[in-house]
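J.: For the sequence shown, numbering that gives the first Met the number 0 begins at 0 and goes up steadily by one. Just so you know, even glycine gets a beta-carbon here, dropped at the ideal spot from N, CA and C. Got a structure here, written out as C-alpha cells. Questions coming.
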Amino acid sequence: MNSFSGKQRESVLQASEHERYDVIIIGGGITGAGIALDATTRGLKTALFEMQDFAAGTSSRSTKLIHGGLRYLKQFEIKLVADVGKERAIVYENGPHVTTPEWMLLPIYKGGTFGKFSTSIGLRLYDFLAGVKRYERRKMLNRKETLNKAPLLKKEGLLGGGYYVEYRTDDARLTIEVVKKAVEQGAQAVNYTKVESLLYEDEKVSGVVVKDLVTGKEYKVLAKRVINATGPWVDQIREIDGSKENKTLKLTKGVHIVIDQKKFPLKQAIYYDTKDGRMVFAIPREGKTYVGTTDTFYQDDLASPTVTKEDCDYLITTIHDMFPKVKLTLVDIESSWAGLRPLIHEDGKNPSEISRKDEIWQSKSGLITIAGGKLTGFRKMAEQVVDTMIESLDKEQDMPLGTCKTKNLPISGGDVGGSKDYKQFLAKKTRQLLKYDLDKMTADKLVRLYGSNIDRIIDYMKEDDSNAPKTDLPLYVQAMLLYSLEHEMTLNPLDFFVRRTGSLYFDINWVLTFKKQVTSYIASYYRWSNQTKSCYENSLDQVLGESRIAPLDRTIIKIR
Ligand code: FAD
C-alpha cells in the first residue's frame with residue numbers, strides 16, 4: 000500500500016519515533032508543502048505534520064489565482080511583483096493541470112483608481128517585471144471592445160480596459176499535488192497531527208511532540224532542524240519556543256462568495272475597483288461566478304473563520320455597483336469561504352495596505368519561521384527557507400547538500416509534457432475516458448483534476464477490487480474516492496469534497512447527490528463505528544450549511 004494512504008498513517012507515525020530527521024516542518028499548507036518538496040529533493044530526510052487536513056488553513060481559502068499581484072504596483076512593491084510574477088510561469092509549467100491561464104479585464108472608469116495611461120504603463124511594467132511571454136502581454140481595449148468582452152459592466156463613465164493574463168488554480172489541489180510529490184520523493188507527511196510542543200537539547204530545538212488527533216496518541220520525533228510554516232498560527236509556535244518578539248503577525252480575513260451563472264452570467268474574469276478604493280475579482284468558473292475578496296482585521300478563531308452577513312452584503316453591493324443589470328440577494332449565494340492572510344504587522348496601516356511579502360526569522364533556539372507570503376511564491380519561498388537551513392546544516396554533514404531542484408520539477412500529476420503539450424494530453428486522455436460511459440464534460444474535468452495521475456483513476460475504473468467496499472456510486476466517483484483514500488490521505492468526507500475535489504465550493508449539487516454514499520464508503524473503508532460515522536455526517540452537513548447559508552436566515556433557507 001502507498002505510504003500516502005490514510006491506512007498507513009499510524010505506521011508512519013510509529014516509525015517516525017525511531018528516526019532522526021534532518022528537518023521537521025510544522026504546517027501542511029502550501030508553504031510547508033513547498034518546503035517539504037524542496038528539502039526532500041535536496042536529499043534531506045524530511046517529515047511534515049499538519050494538524051488539520053493538508054491545505055485546510057489559508058491554502059484552500061484564497062482567491063485561487065497564481066498571480067503577480069498587479070495591485071501591489073500601486074504600493075510600489077516592485078520586487079514583490081517581479082519575484083512573484085516570474086514564479087507564475089514556473090508554477091504553470093510544473094503543473095499545467097492545476098493552473099490555467101485566464102485573461103483578466105481591468106475596466107477603466109472616469110475618475111477611477113486607474114487612468115487609461117497609468118493602466119497602460121502599469122500593465123506594461125507588470126509584463127516586464129514578471130517576464131511575461133510575448134503572446135500573453137497586455138492589450139489595451141477601447142470602450143466598445145471592453146463592453147464586447149463584458150456586456151454586464153456598468154456603461155456610465157467607462158473609458159476602456161486593460162486586458163492581461165493571470166493564472167487560475169485550485170489552491171488546495173495545488174497544495175496536495177506538491178505534498179504528494181514530496182512524499183513520492185521520500186518525505187513523510189501526515190495530516191491531523193498537531194505539534195503540541197517542541198523538544199530541546201542544549202537549548203537548541205531538537206524535535207517535536209506531535210499528537211495524532213485521530214487516535215489521541217503522542218509521539219516524540221527528533222530532527223536536526225524544525226521549521227515553523229504554520230501561516231496564521233506562526234506566532235503560536237513562536238510562543239511555545241519563547242521567541243515571539245520583534246515582528247509579529249497581523250491577520251486579515253478575506254471572504255469569497257459563489258453565485259450560479261444563471262444569476263450572474265459573467266463570461267470574462269474582471270478585476271474591478273470598489274467605491275471604498277479596494278479591488279475585487281469576479282471570476283467565471285465551472286458554471287459559477289465567484290467574487291472576492293473582503294479585507295478586514297481578524298482576531299477570532301483561526302481554524303474556522305466564518306462568512307458574515309456584512310461580508311456578503313459588502314460583496315453584493317460591489318457587484319451591483321459594477322454590474323447594474325445583475326440583481327442578487329443573499330439567497331443567491333450558493334457557497335462561500337473565508338480565509339486568513341498571515342501578514343507581517345506594520346504600524347498604522349489598513350488591511351489592504353499591509354505588504355504581502357514574506358520573511359524568514361530564526362530564533363535563538365534555531366527554530367526557523369517563515370511568515371507572510373503568497374500562494375504564488377511558494378516555490379521560491381521554500382528555496383529561500385531551505386537555503387537558510389542548509390547553510391548551518393552543511394557544517395554538520397559530511398557532504399554539502401546542494402542547490403534547489405524544484406524549478407524544473409513537475410509536481411504530482413504534472414507529467415503532461417509541460418504547458419506546450421498539455422492541450423494534446425488533455426484531449427487524448429479525455430477521449431480515453433469516454434470509453435467508460437462518461438460525458439465529455441466529466442471526462443475533461445477528471446483529466447484537469449488529476450493530470451498525469453488520471454491513469455490511476457482509469458485503473459481503478461477497470462479493476463474489480465474485491466477488497467473495496469461495495470457501493471452503488473457511479474464508477475468514476477468510486478475511482479476518485481479510492482484514489483483519494485489510497486494516494487491522497489483522505490480521512491473523511493470533508494477532505495474529499497472540499498480539498499480533494501473542490502466540489503463543495505463549485506459543484507454543491509454533486510456533493511448533495513453523493514454525500515451519503517461517499518460517507519458510507521469511507522465509513523466501511525476505515526471501519527468506523529456508527530457514532531464516528533454520524534459525527535462526520537454532522538460535520539459535513541454543518542460545513543455545507545455554513546458555506547451556503549451562514550450569512551442567511553436559517554429559517555428561510557434549508558439545504559436541499
Ligand atoms: P496555511 O495554508 O494556513 O497553512 C498553515 C498550516 O499550519 C495550517 O493548515 C494549519 O492547520 C497548520 N498548523 C498550525 N499549527 C499547527 C501545529 N501546531 N501543528 C501542525 N500543524 C499546524 N495568494 C496567491 O498567491 N494568490 C491568491 O489569489 C491569493 N488570494 C488570497 C485570498 C485570501 C482571502 C487570503 C486569505 C489569502 C490569499 N492569498 C493568495 C495568500 C495565500 O493564500 C497564503 O499566503 C497561503 O495560502 C499561506 O499558506 P501557508 O501554508 O503559509 O498557511
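By the DSSP assignment, the beta strand (DSSP E) with Tyr-561 in it spans what residues?
T.: Not covered by the structure: residue 561. The range shown for the chain is 0 to 559.
J.: How is Pro-492 classed by DSSP in three states: helix, strand or coil?
T.: Translated into positions along the sequence shown, residue 492 becomes position 493. In this structure, Pro-492 counts as helix in the three-state DSSP scheme.
J.: Between the segment 14 to 22 and the segment 162 to 171, do at least 3 Cβ pairs fall closer than 8 Å?
T.: Too few Cβ pairs lie closer than 8 Å, so no.
J.: In the structure shown, what three-state DSSP assignment does Asp-259 receive?
T.: Numbered from 1 along the sequence shown, position 260 holds the residue referred to as residue 259. The answer is strand: DSSP assigns Asp-259 an E or B state.
J.: Assess, as a yes-or-no matter, whether the segment 139 to 157 is touched by the segment 6 to 15 under the definition of 3 or more beta carbon pairs within less than 8 Å.
T.: No contact exists between the segment 6 to 15 and the segment 139 to 157.
J.: Taking 9 Å as the threshold (C-beta atoms), are Leu-490 and Ile-453 in contact?
T.: Here residue 453 refers to the residue found at position 454 when the sequence shown is read from its first residue. Here residue 490 refers to the residue found at position 491 when the sequence shown is read from its first residue. No.
J.: Measuring only the C-alpha atoms, how far is Thr-554 from Asp-312?
T.: Sequence index remark: in the sequence shown, residue 554 carries index 555 (1-based). Sequence index remark: in the sequence shown, residue 312 carries index 313 (1-based). Because the pLDDT of Thr-554 is 30, which lies under 50, any placement of that residue in the model is unreliable, and the question is left without a value.
J.: What residues match up with Gln-187 in a beta bridge as DSSP calls it?
T.: Numbered from 1 along the sequence shown, position 188 holds the residue referred to as residue 187. Its beta-bridge partners are Ala-46.
J.: What residues are listed by DSSP as bridge partners for Arg-284?
T.: On the sequence shown, position 285 is the one that residue 284 refers to. In the DSSP output, where bridge partners are listed per residue, Arg-284 has Lys-287.
J.: Tell me the start and end of each unbroken beta strand (DSSP E) in the segment 194 to 231 that is at least 3 residues and wholly inside, in chain order.
T.: Runs of the beta strand (DSSP E) inside the segment 194 to 231: 203 to 211, 217 to 227.
J.: Under the criterion of a Cβ to heavy atom distance below 8 Å, does Ser-232 qualify as lining the ligand FAD?
T.: Stepping through the sequence shown from its first residue, residue 232 is reached at position 233. What sits at residue 232 in the sequence shown is Trp, not Ser. Checking the Cβ of Trp-232 against the ligand FAD gives yes.
J.: Would Leu-104 and Ala-149 be called neighbours here (beta carbons separated by less than 9 Å)?
T.: The residue given as residue 104 occupies position 105 in the sequence shown. The residue given as residue 149 occupies position 150 in the sequence shown. Yes, they are a contact pair.
J.: Tell me which residues share the same chain as Pro-283 and place their Cβ nearer than 8 Å to its Cβ, disregarding the 5 neighbours each side in the sequence.
T.: Translated into the one-based positions of the sequence shown, residue 283 becomes position 284. Within the same chain, Pro-283 has close Cβ partners Gln-260, Leu-265, Lys-266, Gln-267, Ala-268.
J.: Under 8 Å Cβ to Cβ from His-17, same chain only, skipping five residues before and after it: list those, please.
T.: Translated into the one-based positions of the sequence shown, residue 17 becomes position 18. Once the five neighbours on either side are set aside, His-17 has no close Cβ partner at all.
J.: Do you know how far the Cα of Thr-531 is from the Cα of Lys-557?
T.: The residue labelled residue 557 in the question sits at position 558 within the sequence shown. The residue labelled residue 531 in the question sits at position 532 within the sequence shown. Note that Lys-557 has pLDDT 30, beneath the 50 cutoff, so the model's placement of it is unreliable and no number is given.
J.: Tell me which residue opens and which closes the beta strand (DSSP E) that Val-22 is part of.
T.: As a working note, residue 22 is residue 23 in the sequence shown. Segment 19 to 25, the beta strand (DSSP E) holding Val-22.
J.: Counting only C-beta atoms, is Leu-490 closer than 9 Å to chain D at any point?
T.: The displayed structure is made up of one protein chain only, and chain D is not part of it.
J.: I need the straight-line Cα distance from Gly-347 to Asp-471, nearest angstrom please.
T.: Along the sequence shown, read from residue 1 onward, the residue named residue 347 stands at position 348. Along the sequence shown, read from residue 1 onward, the residue named residue 471 stands at position 472. Rounded to whole angstroms, Gly-347 to Asp-471 spans 58 Å at the Cα level.
J.: Please confirm whether any heavy atom of the ligand FAD lies closer than 8 Å to the CB of Arg-355.
T.: For the purposes of this step, residue 355 is taken as residue 356 along the sequence shown, with counting starting at 1. For the ligand FAD, at least one heavy atom lies less than 8 Å from the Cβ of Arg-355.
J.: For the beta strand (DSSP E) that Asn-452 lies in, which residues bound it at each end?
T.: What you label residue 452 is simply residue 453 of the sequence shown in a count that begins at 1. No beta strand (DSSP E) contains Asn-452, which DSSP labels as neither H nor E.
J.: Please check the pair Gly-561 and Thr-30, which I expect to be a contact at CB under 8 Å, by giving their CB distance rounded to whole angstroms.
T.: No statement about residue 561 is possible, as the shown extent of the chain runs from 0 to 559 and does not include it.
J.: Between the segment 185 to 193 and the segment 350 to 361, are three or more C-beta pairs nearer than 8 Å?
T.: Too few Cβ pairs lie closer than 8 Å, so no.
J.: Pop quiz: Asp-294 and Ser-351 are said to be a contact at Cβ under 8 Å. What is the actual Cβ separation, rounded to whole angstroms?
T.: In the sequence shown, counting from the first residue as 1, residue 294 sits at position 295. In the sequence shown, counting from the first residue as 1, residue 351 sits at position 352. Confirmed, Cβ separation roughly 5 Å.
J.: Can you have a look at Val-542 and say buried or exposed, based on whether 16 or more other CB atoms are within 10 angstroms of its CB?
T.: On the sequence shown, residue 542 is found 543 positions in, with the first residue counted as 1. Buried, since its Cβ has 16 or more Cβ neighbours within 10 Å.
J.: Cα separation between Thr-500 and Val-476?
T.: Walking along the sequence shown from the start, residue 500 turns up at place 501. Walking along the sequence shown from the start, residue 476 turns up at place 477. So the alpha carbons of these two residues sit roughly 11 Å apart.
J.: Any idea which residues DSSP pairs Ala-478 with across the strands?
T.: In the sequence shown, residue 478 corresponds to position 479, counting from 1. Answer by DSSP bridge pairing: none, since Ala-478 is not bridged.
J.: The ligand FAD and Ser-58: does any heavy atom of the ligand fall closer than 8 Å to the residue's C-beta?
T.: Numbered from 1 along the sequence shown, position 59 holds the residue referred to as residue 58. Yes, since a heavy atom of the ligand FAD falls inside the 8 Å radius drawn around the Cβ of Ser-58.
J.: CA-CA distance, Met-380 and Gly-372?
T.: Locating residue 380 in the sequence shown gives position 381, counting from the first residue. Locating residue 372 in the sequence shown gives position 373, counting from the first residue. Distance between the alpha carbons of Met-380 and Gly-372 is about 8 Å.
J.: Is Ala-129 near the ligand FAD, judged by its Cβ being under 8 Å from some heavy atom?
T.: Along the sequence shown, one-based indexing puts residue 129 at 130. No; taking the cut-off as 8 Å, the Cβ of Ala-129 has no heavy atom of the ligand FAD nearer than that.
J.: Where do the N-terminal and C-terminal ends of the beta strand (DSSP E) with Leu-366 fall, by residue?
T.: Here residue 366 refers to the residue found at position 367 of the sequence shown. Segment: none, Leu-366 is in no beta strand (DSSP E) and carries neither H nor E.
J.: Using alpha carbons as the reference points, say which of Ile-389, Ala-426, Glu-487, Thr-429 lies closest to Ser-411.
T.: Within the sequence shown, the letter at position 412 stands for residue 411. Ranking Ile-389, Ala-426, Glu-487, Thr-429 by Cα distance to Ser-411 puts Glu-487 first.
J.: Relative to the ligand FAD, is the shortest distance from any of its heavy atoms to the C-beta of Ala-302 smaller than 8 Å?
T.: Numbered from its first residue, the sequence shown carries residue 302 at position 303. Correct: Ala-302 has its Cβ closer than 8 Å to the ligand FAD.
J.: How would you call Met-479, buried or exposed, if buried means at least 16 neighbouring beta carbons within 10 angstroms?
T.: Counting from one through the sequence shown, the residue named residue 479 turns up at place 480. Buried is the call here.
J.: Under 9 Å between the Cβ atoms of Gly-56 and Gly-26?
T.: Counting from one through the sequence shown, the residue named residue 56 turns up at place 57. Counting from one through the sequence shown, the residue named residue 26 turns up at place 27. Against a cut-off of 9 Å, the Cβ pair of Gly-26 and Gly-56 comes out as a contact.
J.: Does the segment 425 to 438 come into contact with the segment 80 to 89, if we say contact requires no fewer than three beta-carbon pairs (one atom in each stretch) closer than 8 Å?
T.: At 8 Å Cβ cutoff, the stretches do not touch.
J.: So which of Met-50, Ile-175, Lys-109 has the shortest CA-CA distance to Asn-190?
T.: Reading the sequence shown from its first residue, position 191 is the one you call residue 190. Ranking the options by Cα distance to Asn-190, first place goes to Met-50.
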